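Visitor:
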Amino acid sequence: MINLINQKTFFLEGNLVDGGAEELSQKGFSQQEIENARKGSISYNIIDRHNSGGEHSCKLRFDSLASHDITYVGVIQTAKASGLKKFPVPYVLTNCHNSLCAVGGTINEDDHFFGLSAAKKYGGIYVPPHIAVIHQYVRECMTACGNMILGSDSHTRYGSLGTMGIGEGGPEIVKQLLEKTYDVNMPDIVAVYLKGNLRRGVGPQDVALAIISQTFKNGFVKNSVMEFIGEGVNDLSVEFRCGIDVMTTETACLSSIWITDDKVKKFYKDTAREEYFERLSPKRLASYDRAIIVDLDKIEPMAAMPFHPSNVYKLSEILSNPHDVLSEVEKNARQNDNIDFNLTHKVKDGKIYVEQAVIAGCAGGMYENIMEAANILDGKNIGSGNFSLNVYPASQPIYLETIKNGGAARLMSAGAILKTAFCGPCFGAGDVPANNTLSIRHTTRNFPNREGSKPSDKQIASVMLMDSRSIAATAANGGVLTSAMDIEYSTKLPKFHFDGEIYKKRVYNGYSSPIVQELRLGPNIADWPQMAELKDN
Numbered sequence: 026m027i028n029l030i031n032q033k034t035f036f037l038e039g040n041l042v043d044g045g046a047e048e049l050s051q052k053g054f055s056q057q058e059i060e061n062a063r064k065g066s067i068s069y070n071i072i073d074r075h076n077s078g079g080e081h082s083c084k085l086r087f088d089s090l091a092s093h094d095i096t097y098v099g100v101i102q103t104a105k106a107s108g109l110k111k112f113p114v115p116y117v118l119t120n121c122h123n124s125l126c127a128v129g130g131t132i133n134e135d136d137h138f139f140g141l142s143a144a145k146k147y148g149g150i151y152v153p154p155h156i157a158v159i160h161q162y163v164r165e166c167m168t169a170c171g172n173m174i175l176g177s178d179s180h181t182r183y184g185s186l187g188t189m190g191i192g193e194g195g196p197e198i199v200k201q202l203l204e205k206t207y208d209v210n211m212p213d214i215v216a217v218y219l220k221g222n223l224r225r226g227v228g229p230q231d232v233a234l235a236i237i238s239q240t241f242k243n244g245f246v247k248n249s250v251m252e253f254i255g256e257g258v259n260d261l262s263v264e265f266r267c268g269i270d271v272m273t274t275e276t277a278c279l280s281s282i283w284i285t286d287d288k289v290k291k292f293y294k295d296t297a298r299e300e301y302f303e304r305l306s307p308k309r310l311a312s313y314d315r316a317i318i319v320d321l322d323k324i325e326p327m328a329a330m331p332f333h334p335s336n337v338y339k340l341s342e343i344l345s346n347p348h349d350v351l352s353e354v355e356k357n358a359r360q361n362d363n364i365d366f367n368l369t370h371k372v373k374d375g376k377i378y379v380e381q382a383v384i385a386g387c388a389g390g391m392y393e394n395i396m397e398a399a400n401i402l403d404g405k406n407i408g409s410g411n412f413s414l415n416v417y418p419a420s421q422p423i424y425l426e427t428i429k430n431g432g433a434a435r436l437m438s439a440g441a442i443l444k445t446a447f448c449g450p451c452f453g454a455g456d457v458p459a460n461n462t463l464s465i466r467h468t469t470r471n472f473p474n475r476e477g478s479k480p481s482d483k484q485i486a487s488v489m490l491m492d493s494r495s496i497a498a499t500a501a502n503g504g505v506l507t508s509a510m511d512i513e514y515s516t517k518l519p520k521f522h523f524d525g526e527i528y529k530k531r532v533y534n535g536y537s538s539p540i541v542q543e544l545r546l547g548p549n550i551a552d553w554p555q556m557a558e559l560k561d562n
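Heads up, the sequence shown is in this note's numbering, so the first residue is 26 and it goes up one at a time.
1. Confirm, please, whether the CB-CB distance from K220 to G255 is below 8 Å.
2. Is it buried or exposed for D178, if we count other Cβ within 10 angstroms and need 16 for buried?
3. How big is the Cα-Cα spacing for T168 and S464?
4. Compute the distance between the beta-carbons of Q381 and P458, then report whether it is under 8 Å.
5. Check whether the region 184-203 touches the region 478-493, taking contact to mean three or more Cβ pairs, one atom from each stretch, closer than 8 Å.
6. I'd like the span of the beta strand (DSSP E) that includes E252, first residue to last.
7. By how many angstroms is the C-alpha of K64 removed from the C-alpha of G79?
8. Could you check the C-alpha separation between Q555 and S107 for me, to the nearest Å?
9. Measuring straight from C-alpha to C-alpha, what distance separates S341 and T516?
10. Would you call W283 buried or exposed, if buried means 16 or more other Cβ atoms sit within 10 Å of its Cβ?
11. Apart from the five residues on each side of it in sequence, which residues of its chain come closer than 6 Å, Cβ to Cβ, to G408?
12. Under the rule that 16 or more other beta-carbon atoms within 10 Å means buried, what is A500, buried or exposed?
13. Quick one: Cα of K145 to Cα of Q542, how far?
14. When DSSP labels each residue in this structure, what does M437 get in the three-state scheme?
15. Is DSSP giving R359 helix, strand or coil here?
16. Can you tell which of P153, V271, G455 has its C-alpha closest to the C-alpha of G176?
17. Looking at T34 and A316, is the spacing between their C-beta atoms short of 8 Å?
18. In three-state terms, what does DSSP make of M330?
19. Pairing CB atoms from the region 117-126 with CB atoms from the region 200-213, are three or more of them under 8 Å?
20. Under the three-state reduction of DSSP, which class applies to M391: helix, strand or coil?
21. On the criterion of 16 or more Cβ atoms from any shown chain inside 10 Å, does K323 qualify as buried, or is it exposed?
22. Considering Cα atoms alone, identify which of A385, I214, A441, M391 is closest to K405.
23. Rounded C-beta distance between Y69 and I214? I'm assuming under 8 Å.
24. Mind checking which residues open and close the beta strand (DSSP E) that includes L85?
25. Taking the alpha carbon of P422 as the point to measure from, which residue in N400, L402, L436, A446 has its own alpha carbon closest?
26. Can you list the beta strand (DSSP E) stretches of 3 or more residues lying completely in the region 189-267, in chain order?
27. Just mark I540 as buried or exposed, buried being the case when its beta carbon has 16 or more other beta carbons within 10 Å.
28. Buried or exposed: which applies to I102, given that a residue is buried once 16 or more other Cβ atoms fall within 10 Å of its Cβ?
29. Specify the secondary structure class of F35 as computed by DSSP and reduced to three states.
30. According to DSSP, which residues form a beta bridge with W283?
31. Express the C-alpha separation of S508 and I496 in angstroms, rounding to a whole number.
32. So, is Q360 buried or exposed, given that buried needs 16 or more other C-beta atoms within 10 angstroms?
33. Spatial neighbours of S563 within its chain, please: C-beta separation below 6 Å, excluding the five flanking residues on both sides.
34. How many angstroms separate the CA atom of A388 from the CA atom of G190?
35. Give a yes or no on whether the C-beta atoms belonging to E397 and M510 are separated by under 8 Å.
36. Comparing C-alpha positions only, which one of A399, L425, K373, L203 sits nearest to L414?
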C-alpha cells in the first residue's frame, strides 16, 4: 500500500529510476547533470522563485497571506504597533473559527467588525462569517500555480492547485506584512509517487490516513516538502487531491506541491481564474531526498483512532476485531496520553456503535465528499436514537450547489443536519460530543483537548477520523460502524457549477485600495500602549 524509500531517488521522464545515479550514468547523464537534478523538482523551482537568500538558507516572500478570526486581531495589532501602513500583498481575513462559539459576550462579533475595518484601512480582503472556511476560500479565489501562500493556520495547504502553502504562527504573518522575509533552511524534498486506481468506497481521507500512518511517527517527511507525482495523480479529481493534500499537515511536513494537468486547468477556468493556471511538472530529470510510493489500488477505508491522526487502522481490521482494537487504543491512551477512558463498551454483539458523525471543514466539507455521502444516504434513515449526523459545506458556493442539485435534500431527508461553513468541529467549538461517546469525523485532527475534550476534568470526547463515504455508510446503518466498500451506491455525481456571485456580493475586496479610517476596536481589543523611546542604558 505504502512503500518508503529512504535514500536519494531520481525521477526521469515520468518514472522513478530504480538504479539511481549508476543507472543514469549508463544512460549517458554526466556527473554534473546528476548533481544538478535536485533543481529539477517543482518544489525547488517554486522556492527558488521566491527566495532572496542563499541556496541553503532561504529568505522567502509570499504572494499572499491568509488568517482567520482567532489569529488576525493579534496579527494586525502587532503589525500596526510595528509601523504597518498598508497590506503589501493580498491578505485574506476569514471568519470561520469564532463565528459560532459565543464565549464572553460580544467579543466574537467585535473581532469581526475589527477585521472589516482593518481590511478597509489597510487594503485587505474580508470574508464574513458562514461564507467559507479559510482554506476553501483560498482554494477558490486566491491560489495560482507557482505561487506561495503563508497562512496563520496549520492546514494551509494548496499544493494540489499548484500553490505551495505554509502554515505558521502570527508573528511570521506580521513579518510578511512589514515586508520582511520568512527565513528557513532549504527543506528536503520528498517525492510522493502515486500509481494505480482507486476502488469504489475509498475517499481522500483514506489515502491521507494511509500516508500519515507510515510517515508521522518516524519523521519521514518532517519539515520537508511533499511533491506528488506519478500517473496515479491523473486518475484523481482535483477535489480528491485537495482532500489528500490538506491532511499532509499531519505528516509534519513543511509544505506540499502536486503536478498540475488539464483537470487543474479546468478548476481555474471554472472559478474564472484561468490566467493563474500553469502546467507544473518535474523537469526531464529530477532528484528527491527520499520517496514514498503509494499504490492506490491497495488503499482501503481507514480510520484514525483516538488520539492522533497517525493512530491508523484499516477499517476492515477494526470491524473484524473490534474488542481487540479498542482495547489496544484504550491501553495506548493510558500509557501515552494519561487518558483513562473506555471504548470497548461500544461493542455490542460484535458491532461498534457510534453516537455522532460529522463531515466538515477544509478536509470533509468539499462538494464531492458531501455528494457521495448524499448518494449513500439516498432513501435511508439514520434513526431517532442517540446517533446524529451533521454536515458543514466548506463554502456557500458548495452549499448552494448541493441545494440546486438535490444533494442537500437527500441528506436532510435521511435525517442529517446541514450547517454553514465553520471550522468548529475540528477544534471543539461546534458539535462537541457528550462525555465518553464515540464520534466519527471527516475533519483534520483528533488530538486530546480538542473536540471538547478536557481530560483533566474527566471529560473525554473520543473522535475517529474517517472518510465521508464510510461515515455516510455508518449513518445509513443507524450508527453501526460500516465501511463504504461494504455497501452498494452510485459514485456518479452531478457536475459542480461554481457560483462566484456569492463572493462578489458579500466579500469585501479592498486589496491595493486602502481607505483612510480608524480601526473599530472593542472591549476585548485595545490599542498597544504608547512605547517610551529607549534610553542609551
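Built from N, CA and C at the ideal position, the CB exists for glycine as well. Treat the numbers as computed from the prediction; the structure is a model and nothing was measured.
Guide: In terms of the structure at hand:
1. Here residue 255 refers to the residue found at position 230 of the sequence shown. Here residue 220 refers to the residue found at position 195 of the sequence shown. Yes, the Cβ-Cβ distance between G255 and K220 is below 8 Å.
2. In the sequence shown, residue 178 corresponds to position 153, counting from 1. Per the 10 Å Cβ criterion, buried.
3. Mapped onto the sequence shown, residue 168 falls at position 143. Mapped onto the sequence shown, residue 464 falls at position 439. Going by the C-alpha atoms only, they are around 33 Å apart.
4. Stepping through the sequence shown from its first residue, residue 381 is reached at position 356. Stepping through the sequence shown from its first residue, residue 458 is reached at position 433. Their beta carbons are under 8 Å apart, which means Q381 touches P458 by this criterion.
5. no
6. Mapped onto the sequence shown, residue 252 falls at position 227. Segment 250-254, the beta strand (DSSP E) holding E252.
7. In the sequence shown, residue 79 corresponds to position 54, counting from 1. In the sequence shown, residue 64 corresponds to position 39, counting from 1. Taking the straight line from one Cα to the other gives about 14 Å.
8. By one-based count along the sequence shown, residue 555 stands at place 530. By one-based count along the sequence shown, residue 107 stands at place 82. Roughly 12 Å separates the two Cα atoms.
9. To locate residue 341, count along the sequence shown from 1; it is residue 316. To locate residue 516, count along the sequence shown from 1; it is residue 491. Computed Cα separation, rounded: 21 Å.
10. Position 258 of the sequence shown, counted from the start, is the residue given in the question as residue 283. Classification for W283: buried.
11. Locating residue 408 in the sequence shown gives position 383, where the first residue counts as 1. G503.
12. Translated into positions along the sequence shown, residue 500 becomes position 475. It counts as buried.
13. For the purposes of this step, residue 145 is taken as residue 120 along the sequence shown, with counting starting at 1. For the purposes of this step, residue 542 is taken as residue 517 along the sequence shown, with counting starting at 1. Going from the Cα of K145 to the Cα of Q542 covers about 8 Å.
14. As a first step, residue 437 is located in the sequence shown; it is residue number 412 there, counting from the start. Three-state result, M437: helix.
15. On the sequence shown, residue 359 is found 334 positions in, with the first residue counted as 1. Three-state result, R359: helix.
16. Residue 176 sits at position 151 when you count from the first residue of the sequence shown. It is V271 whose Cα lies nearest to the Cα of G176.
17. By 1-based counting over the sequence shown, the position of residue 316 is 291. By 1-based counting over the sequence shown, the position of residue 34 is 9. Cβ distance < 8 Å, so A316 and T34 count as in contact.
18. Taking the sequence shown and counting its residues from 1, one reaches residue 330 at position 305. Coil at M330, not helix or strand.
19. no
20. Numbered from 1 along the sequence shown, position 366 holds the residue referred to as residue 391. Here M391 sits in coil by DSSP.
21. For the purposes of this step, residue 323 is identified with residue 298 of the sequence shown, where counting begins at 1. K323 should be labelled exposed.
22. Locating residue 405 in the sequence shown gives position 380, counting from the first residue. Taking only the C-alpha atoms, the option nearest K405 is A441.
23. One-based indexing of the sequence shown puts residue 69 at position 44. One-based indexing of the sequence shown puts residue 214 at position 189. 6 Å between Cβ atoms; contact.
24. For the purposes of this step, residue 85 is identified with residue 60 of the sequence shown, where counting begins at 1. Start and end: 82-85.
25. For the purposes of this step, residue 422 is identified with residue 397 of the sequence shown, where counting begins at 1. Considering only alpha carbons, the answer is A446.
26. 189-192, 207-210, 214-220, 250-254
27. Counting from 1 along the sequence shown, the entry for residue 540 is found at position 515. With fewer than 16 Cβ atoms within 10 Å of its Cβ, I540 is classed as exposed.
28. As a first step, residue 102 must be located in the sequence shown, where it is residue number 77. Here residue 102 turns out to be Gln, not Ile, going by the sequence shown. Buried.
29. Residue numbering aside, residue 35 sits at position 10 when the sequence shown is read from its first letter. Three-state DSSP puts F35 in a strand.
30. Locating residue 283 in the sequence shown gives position 258, counting from the first residue. According to DSSP, W283 bridges with F253.
31. Locating residue 496 in the sequence shown gives position 471, where the first residue counts as 1. Locating residue 508 in the sequence shown gives position 483, where the first residue counts as 1. So the two alpha carbons sit approximately 8 Å from each other.
32. To locate residue 360, count along the sequence shown from 1; it is residue 335. Classification for Q360: exposed.
33. Nothing can be reported for residue 563: it is not among the residues displayed for the chain, which extend from 26 to 562.
34. Mapped onto the sequence shown, residue 388 falls at position 363. Mapped onto the sequence shown, residue 190 falls at position 165. Roughly 15 Å separates the two Cα atoms.
35. Here residue 397 is taken as the residue at index 372 of the sequence shown, counted from 1. Here residue 510 is taken as the residue at index 485 of the sequence shown, counted from 1. Their beta carbons are not under 8 Å apart, which means E397 does not touch M510 by this criterion.
36. Your numbering for residue 414 matches position 389 in the sequence shown. Of the listed residues, the one whose Cα sits closest to L414 is A399.
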